[in-house]
Amino acid sequence: MLRLARKTRIMLGLFVIAVLAFIYTPLLLVVANSFSSARISAWPIPGFSLTWWTQALTETSLHVAILNSIITATGATIIASVLGALVAFALQRYSFFGRDVVNLLVILPIALPGVVTGVALSNTYSNILGPIGIQLGYFGMIIAHGTFCIVMVFNNVLARLRRMNLNLEEASMDLGAGIWQTFRLVTFPQFRSAFIAGALLAFALSFDEVVVTIFTAPPGVDTLPLWIMNQMGRPNEASLVNVAATVLILVSFVPVYFSQRLTRNDE
């Protein structure tokens, strides 16, 4: 076990605190300003008020944007969960020509810049599918989110499958269980937590995606990140934007937190 000198531990601890402060202090300022009585963001806040939270409760455009984000993230998560798990099983359980290529192609969308993915999908929808009469509309945005969310489920499930004991499945089938019964009672429980953790991460990733959404969202459709970006051009609405951003922080935090808990319990 590596032992560090006391002075080194203190220096590393201070460095970690400084990095975390640099990352999370701006987020705390956003949350604080959402409770400010002023119309513009400032520090220290001039006074505490729930005015902007009350206004957010009656802001129809904000409610619609949140609903669009939830629908899109849910749809993308379903696509990512099904395809990510199936591809993970195919790559882990079977050997076939081009397996490494498939593995690369599944991971590639998360590595590509969002603007590249957005432009590529937008061109496909408008220049290829549009002329032949296929208008994906809202579903096209969901598919676009699903392309880069797949890797979240894929990586989690694949890592868990590599640690699974195949003897349990063989024993189940030797005792007379069919393939689906074995999957339901033996296989799925072994990777269930990794599957759910990947789905939660996929939801969080989709919920706050903005770049791909800009290129693939139908006209007039705003998700929460798009709504925030559009409102940033209105200085008098800054505190309302802070409320929306606080909601986005909380919604993103919850699935990530539970994903980490599930992953930790699976170890």
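Under our numbering, think of the first position of the sequence shown as 1430, with each following residue one higher. Cβ atoms here follow ideal geometry from the backbone N, Cα and C, with glycine treated the same way.
Any heavy atom of the ligand GTP inside 7 angstroms of the beta-carbon of residue i?
| i | result |
| --- | --- |
| V1535 | With respect to small molecules bound, the structure shown includes none, and the ligand GTP cannot be examined in it. |
For residue i, count the other beta carbons within 10 Å of its own beta carbon; 16 or more makes it buried, fewer makes it exposed. Which is it?
| i | result |
| --- | --- |
| D1603 | exposed |
| F1636 | buried |
| H1574 | buried |
| T1489 | exposed |
| A1600 | exposed |
| V1445 | exposed |
| V1516 | buried |
| N1671 | buried |
| M1440 | exposed |
| G1719 | Lying outside 1430 to 1696, the shown extent of the chain, residue 1719 is not represented and no answer is given. |
| N1462 | buried |
| Q1689 | exposed |
| N1497 | buried |
| L1629 | buried |
| F1682 | exposed |
| R1438 | exposed |
| G1559 | exposed |
| V1586 | buried |
| T1616 | buried |
| W1656 | buried |
| Q1610 | exposed |
| M1570 | buried |
| W1472 | exposed |
| Q1660 | buried |
| A1519 | exposed |
Just list the residues that DSSP pairs residue i with in beta bridges.
| i | result |
| --- | --- |
| S1465 | F1477 |
What are the boundary residues of the alpha helix (DSSP H) that residue i is part of?
| i | result |
| --- | --- |
| E1598 | L1595 to D1603 |
| W1472 | Per DSSP, W1472 belongs to no alpha helix (DSSP H) and is neither H nor E. |
| G1607 | Element bounds for G1607: n/a, residue is neither H nor E. |
| R1621 | F1617 to F1636 |
| N1372 | Residue 1372 falls outside the range modelled here, since the chain spans only 1430 to 1696, and no answer is possible. |
Three-state secondary structure (DSSP) at residue i?
| i | result |
| --- | --- |
| R1438 | helix |
| A1646 | coil |
| Q1564 | coil |
| T1546 | helix |
| V1639 | coil |
| R1589 | helix |
Length-filtered (4 minimum) alpha helix (DSSP H) runs lying within the segment 1498 to 1542: 1528 to 1540
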